[in-house]
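Working notes, beginning with the structure itself.
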Amino acid sequence: LALFPIILIFAVFQKISFRLSHKAVRKIASGIIFAFVGLVLFLVGVNGGFMEVGSIIGRDLTLIENKIYVISVGFILGLVTVLAEPAVYVLTHQIENVTSGYVRRSLVMGTLSIGVGSAVALAVINILSPRIDLWHFLLPGYIISIVMSYYVPRLFIGIAFDSGGVASGPMTATFVLAFAHGVADAVETASILSDGFGVIAMVAMTPIIALQLLGAVFQMKSKKEGLKSDGK
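Residue 1481 is where the sequence shown starts when you use our numbering, and the numbers rise one by one after that.
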């Protein structure tokens, strides 16, 4: 049902204006079928135990006395989970293609991973510390991102906010959210209802700041190269 409106719109415009060749239509149709099968398999996997694994890892690690372990694992999980996001794969390739290689895919992916890893680590700290609320991270974080948007190149503003959206995709929303619920379940001072949620908001925010910082680095690098050119 989720794919039906897309198929309907394509069919209408194919009849009215697209008029693609039969070969192109077959290629698009096969892509839609693969996407549908992939979505079904993903949802079966999520309901079959994928989320439960994240919850068990979060709960068992939190029971260890030294909390640095659960914070570190949260950072690593955020670091690697975003690499499996289909939307991140598409976005990073589009960025590299549109900028003709000026902004490399690997650089964006690495920056995005660090941002998401930091988000999960901060979310775990928020759950472990009863004195820290979610807004203590979100409010200053979005203020920083808004202020930085006045100084970084416009290209990176769009990339940063798009990255925040795609980073909080299905992989993150299932595994990382389940991990946070497991942590909240094991902490006596935390509640799954009030503290177990919010990690996705963190994941959506930190990549924005991380990519804007990358934009600032590119800007400084460009100015430095410009000064060198003037010196010559």
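A virtual CB, placed ideally from N, CA and C, is assigned to each residue, including glycine. Treat the numbers as computed from the prediction; the structure is a model and nothing was measured.
Considering only residues of the same chain and omitting the five flanking positions on each side of residue i, which have a CB-CB separation below 7 Å?
i, result
"Lys1701", "none"
"Ser1593", "Leu1559, Val1562 and Leu1563"
Measuring alpha carbon to alpha carbon, tell me which of the options ends up nearest residue i.
i, options, result
"Ile1486", "Ile1513, Val1578, His1502 and Ser1501", "Ile1513"
"Ile1689", "Ile1623, Gln1699, Val1663 and Gly1554", "Ile1623"
"Phe1530", "Gly1511, Thr1561, Ile1544 and Val1517", "Thr1561"
"Val1520", "Val1667, Ala1666, Val1697 and Pro1650", "Pro1650"
"Pro1633", "Ser1671, Gln1699 and Glu1576", "Gln1699"
"Lys1547", "Glu1532, Thr1591, Ala1664 and Val1697", "Ala1664"
"Ile1672", "Tyr1630, Asn1577 and Pro1610", "Pro1610"
Less than 8 Å between the CB atoms is what I'm expecting for residue i and residue j, so what's the real figure, rounded?
i, j, result
"Thr1686", "Gly1595", "4 Å"
"Phe1659", "Gly1534", "4 Å"
"Ala1601", "Phe1555", "4 Å"
"Gly1608", "Val1656", "The identity of residue 1608 in the sequence shown is Leu, whereas the question assumes Gly. Going by Cβ atoms, the distance from Leu1608 to Val1656 rounds to 16 Å, so no, they are not a contact pair."
Look at the alpha carbon of residue i and the alpha carbon of residue j, and state the distance between them as a whole number of angstroms.
i, j, result
"Glu1565", "Asp1540", "25 Å"
"Arg1584", "Thr1669", "44 Å"
"Asn1606", "Met1682", "11 Å"
"Val1526", "Lys1704", "48 Å"
"Leu1500", "Gln1494", "7 Å"
"Ile1639", "Val1505", "31 Å"
"Leu1559", "Ser1497", "44 Å"
"Val1517", "Ile1537", "29 Å"
"Ile1489", "Gly1511", "16 Å"
"Val1604", "Val1492", "48 Å"
Spatial neighbours of residue i within its chain, please: C-beta separation below 6 Å, excluding the five flanking residues on both sides.
i, result
"Met1628", "Gln1692"
"Ser1648", "Ile1680, Val1683 and Ala1684"
"Val1588", "Thr1572 and Ile1575"
Quick one: what's got a C-beta closer than 8 Å to residue i's C-beta in the same chain, skipping five residues either side?
i, result
"Val1524", "none"
"Asp1613", "Asn1606"
"Leu1635", "Thr1579, Val1583 and Gly1695"
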